[in-house]
Amino acid sequence: METITRQDREILRNLARKQLEYAHSSRNAVLLRQWEALAQGRRESPTVRLLFSNFTHEVITPRMQCTGEAARKIEYTLLNTLVGRELFDDDTPISPTYDISWHTWVSPFGMAAKITRAQAGNGYHVEPVIEDLEEGFDKLKGGSFGLDREGTRKTMDLVQSVLGDILPVRMVQNALCGAITNPLVHLMGMEAYYCSMYDYPELLHQAMDMATKVYEDYYDFLEKESVLLPTCGISPLPQESFAFNQELPAENVTKTTQCWGFLESQETTAVSPETYGEFVYPYQDRLVKRFGLLSYGCCERVDAIWPDYLSKWSNLRKLSVSPFNNEPQVGEYLRGSSVVYYSKPRAEFVTNPGPMDEDALREYFKGVCQAASGCLFEIAQREVGTIFGDFSRGRRYVEIARECVAEYWRP
252 METITRQDRE ILRNLARKQL EYAHSSRNAV LLRQWEALAQ GRRESPTVRL LFSNFTHEVI
312 TPRMQCTGEA ARKIEYTLLN TLVGRELFDD DTPISPTYDI SWHTWVSPFG MAAKITRAQA
372 GNGYHVEPVI EDLEEGFDKL KGGSFGLDRE GTRKTMDLVQ SVLGDILPVR MVQNALCGAI
432 TNPLVHLMGM EAYYCSMYDY PELLHQAMDM ATKVYEDYYD FLEKESVLLP TCGISPLPQE
492 SFAFNQELPA ENVTKTTQCW GFLESQETTA VSPETYGEFV YPYQDRLVKR FGLLSYGCCE
552 RVDAIWPDYL SKWSNLRKLS VSPFNNEPQV GEYLRGSSVV YYSKPRAEFV TNPGPMDEDA
612 LREYFKGVCQ AASGCLFEIA QREVGTIFGD FSRGRRYVEI ARECVAEYWR P
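As structure tokens, this is what we get:
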């Protein structure tokens with residue numbers, strides 16, 4: 252086990268004390284009541300957060316002080332936990348624990364994608380491993396999954412030895428994922444994937460079935476290995492949300508049907524609802540049956556596939572609503588239901604250079620809030636690439652969003 256220097260240890264312990272202070276603050280108590288209200292289906296006070304996963308180079312790495320590799324990993328996690336509240340004063344809840352997940356993995360096709368990433372920014376280019384599905388189909392076979400118990404325990408022991416008297420280590424679990432179209436497009440490229448729907452529909456069905464079976468076996472594996480954990484409270488959900496709910500057990504989880512799941516298929520957002528229904532929905536439906544609750548969607552349009560497909564899932568509790576949707580229409584679909592309208596507003600108001608156009612921002616948020624009126628409502632500003640290193644800009648953005656919720660959203 253890598254040792255942590257005395258200096259790094261003190262840096263980590265000071266951060267842990269700060270997290271504990273936030274966790275026990277009266278402000279955190281208010282936030283927890285907001286999140287619990289959403290979980291209980293009460294339309295009281297929507298949450299507003301500015302998510303920073305695309306600009307950690309501005310809010311985390313420049314603030315790191317530790318020198319050792321192991322210490323820096325812990326420091327990164329602590330700073331990541333604090334950003335929303337410390338820098339932006341948004342509605343991120345803070346746990347009085349240091350959270351760790353089991354080191355597990357699953358690969359639906361068992362082969363690595365070749366991706367060239369931009370030197371600056373988040374863009375990338377897929378270098379197809381499979382040019383033609385018929386010619387390259389055999390390459391898809393061999394999906395795999397696994398668990399690193401020893402690595403997980405070493406991480407737990409290290410953190411406990413440094414911080415355990417301040418922040419106890421807590422094992423948490425993210426939602427169970429079942430991505431198929433995303434890894435497939437990363438192997439084929441978008442054009443070949445779309446053409447395969449027409450040229451090789453039976454082979455594409457076989458590929459989708461193959462990946463679905465890998466995930467089903469992976470879920471069985473997690474059950475057999477007894478590593479499933481509660482997915483509730485301040486536990487993570489994909490798309491950077493939280494697992495607050497009143498329906499899943501808070502202890503003694505043994506089946507995947509007692510856990511949150513997450514699915515999306517943004518790669519098929521340009522096909523017709525009928526095509527989604529033919530090539531994607533049947534396989535997602537198999538995975539949904541393995542989940543207790545479901546969070547769905549990334550940046551794709553969900554308005555077009557709601558009536559005939561997504562609305563059929565009775566365990567759906569959170570729906571991603573990106574700006575590519577007819578947002579008022581989605582609001583009509585979700586109004587009065589138990590499904591959270593998980594809004595991902597347009598990001599350019601905060602990422603455009605120069606002073607923020609606050610009037611334009613307010614007008615935009617007015618529309619978002621009106622669309623989501625009558626819905627369980629959660630705002631998560633994602634897809635932000637920069638705030639130009641200006642923390643006050645992010646804080647002001649959150650303030651304006653909150654003001655618009657107060658003025659324009661109606662329960």
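So in the numbering used here the end of the sequence shown lands on 662, straight run, no missing numbers.
Backbone N, C-alpha and C fix where the C-beta goes; we use that ideal spot for every residue, glycine too.
On a predicted model such as this, the values are computed, not experimentally measured, just so you know.
Verify whether the separation of the beta carbon atoms of I255 and A321 is less than 7 Å. Remark: C-beta atoms of I255 and A321 approach each other more closely than 7 Å.
Hey, Q621 and Y592: beta-carbon distance below 7 Å or not? Judged by beta-carbon spacing, Y592 lies beyond the 7 Å limit of Q621, meaning their Cβ atoms are not closer than that value.
Say whether chain C places a C-beta atom closer than 7 Å to the C-beta of H437. Reference to chain C is not applicable here, since this structure consists of a single protein chain.
Of all the options V420, W511, K595, which has the alpha carbon lying nearest to the alpha carbon of R568? Comparing alpha carbon positions, the residue from V420, W511, K595 closest to R568 is W511.
Same chain only: Cβ atoms within 7 Å of L418, ignoring 5 sequence neighbours per side: Leaving aside the five residues that flank L418 on each side, the residues in its chain whose CB is nearer than 7 Å to its CB run, in chain order, A267, Q270, L271, P347, T348, Y349.
To which residues of the same chain is F472 closer than 7 Å at the C-beta, ignoring the five residues directly before and after it? Within the same chain, and ignoring the five residues on either side of F472 in sequence, the residues whose Cβ sits closer than 7 Å to its Cβ are F396.
F642 by DSSP, collapsed to three states: which one? Helix, per DSSP.
Which of the three DSSP states is assigned to C550 in this structure? Looking at C550 - three-state DSSP - the assignment turns out to be coil, as it is neither helix nor strand.
What residues are listed by DSSP as bridge partners for I351? Per DSSP, M422.
Range covered by the beta strand (DSSP E) that runs through W511: If you look at W511, you'll find it in the beta strand (DSSP E) that goes 511 to 514.
Measure the CB-CB distance between V572 and S594 and report whether it falls below 7 Å. For the 7 Å CB-CB criterion, V572 and S594 form a contact.
Grab the span of the beta strand (DSSP E) containing D460 for me, first residue to last. First-last for D460: 452 to 475, but that is the alpha helix (DSSP H), not the beta strand (DSSP E).
Inter-residue spacing [alpha-carbon to alpha-carbon] between S516 and V465: Rounded to the nearest angstrom, the two C-alpha atoms are 17 Å apart.
Beta-carbon gap between V601 and Y648 smaller than 7 Å: Yes, Cβ-Cβ distance for V601 and Y648 is below 7 Å.
Do the segment 427 to 434 and the segment 455 to 464 touch if we need at least three Cβ pairs shorter than 8 Å? The way I'd put it, the segment 427 to 434 does touch the segment 455 to 464; three or more beta-carbon pairs between them come closer than 8 Å.
Which runs of the beta strand (DSSP E), 3 residues or longer, sit entirely within the segment 284 to 337? If we require 3 residues or more, the beta strand (DSSP E) runs fully inside the segment 284 to 337 come out as 298 to 301.
DSSP bridge partner residues for R487 (one or two, in chain order): Rather than Arg, the amino acid found at residue 487 in this sequence is Pro. BP columns for P487 point to F493.
Between the Cα of E525 and those of G640, E474, C317, M448, spot the shortest distance and give me the residue it belongs to. Checking every option, the nearest Cα to that of E525 belongs to M448.
Which full runs of the beta strand (DSSP E) of 3+ residues lie inside the segment 532 to 594, going along the chain? Those beta strand (DSSP E) runs which fall completely within the segment 532 to 594 and span 3+ residues are 544 to 547, 567 to 572, 591 to 594.
Taking the beta strand (DSSP E) that E378 falls in, what are its first and last residues? Here the beta strand (DSSP E) through E378 covers 375 to 378.
I need the straight-line Cα distance from M362 to K390, nearest angstrom please. Cα to Cα, M362 sits roughly 8 Å from K390.
Candidates Q258, C483, R661: which alpha carbon is nearest F319's? The displayed chain sequence assigns Gly, not Phe, to residue 319. Residue Q258 is the option with its Cα nearest to G319.
Bridge partner(s) assigned by DSSP for D399: Answer is H354.
Find out if the Cβ-Cβ distance for the pair L499, G548 is shorter than 7 Å. No, Cβ-Cβ distance for L499 and G548 is not below 7 Å.
Using CA atoms only, rank isn't needed, just tell me which of L384, R284, N331 is closest to H456. Of the listed residues, the one whose Cα sits closest to H456 is L384.
Indicate the three-state DSSP secondary structure (helix, strand or coil) for R278 in the structure shown. Three-state result, R278: helix.
Express the C-alpha separation of C626 and P609 in angstroms, rounding to a whole number. Checking the sequence, you will find Glu at residue 609 rather than Pro. Their Cα atoms are separated by approximately 25 Å.
Start and end of the alpha helix (DSSP H) containing R613? Boundaries of the alpha helix (DSSP H) around R613: 609 to 622.
Beta-carbon proximity list for E654, same chain, < 8 Å, skipping 5 on both sides: Excluding positions up to five away in sequence, the list reads R613.
Using beta-carbon positions only, say whether L434 and P359 come within less than 7 Å of one another. Before going further, note that residue 434 is Pro rather than Leu in the sequence given. Yes, the pair counts as a contact, with Cβ atoms nearer than the cut-off.
Of the choices L438, V423, I351, whose alpha-carbon is the least far from that of A364? Comparing alpha-carbon positions, the option among L438, V423, I351 lying closest to A364 turns out to be L438.
A651 vs G645 beta-carbon contact at 7 Å: Per the sequence presented here, residue 651 reads as Ile, with Ala not at that position. 7 Å or more divides the Cβ of I651 from the Cβ of G645.
Measure the Cβ-Cβ separation of Q632 and P596 and say whether it is below 7 Å. At the C-beta level, Q632 and P596 come within 7 Å of one another.
Shorter than 6 Å, the distance from the beta carbon of Q517 to the closest heavy atom of the ligand SAM, or not? Within the structure as shown, the ligand SAM is missing, as the structure has no ligands at all.
Sort Y615, N603, T403, Y560 by Cα distance to S352 and report the nearest one. The shortest Cα separation from S352 among Y615, N603, T403, Y560 belongs to T403.
Using alpha carbons as the reference points, say which of P489, R541, C317 lies closest to Y327. Y327 has its Cα closest to that of C317, out of P489, R541, C317.
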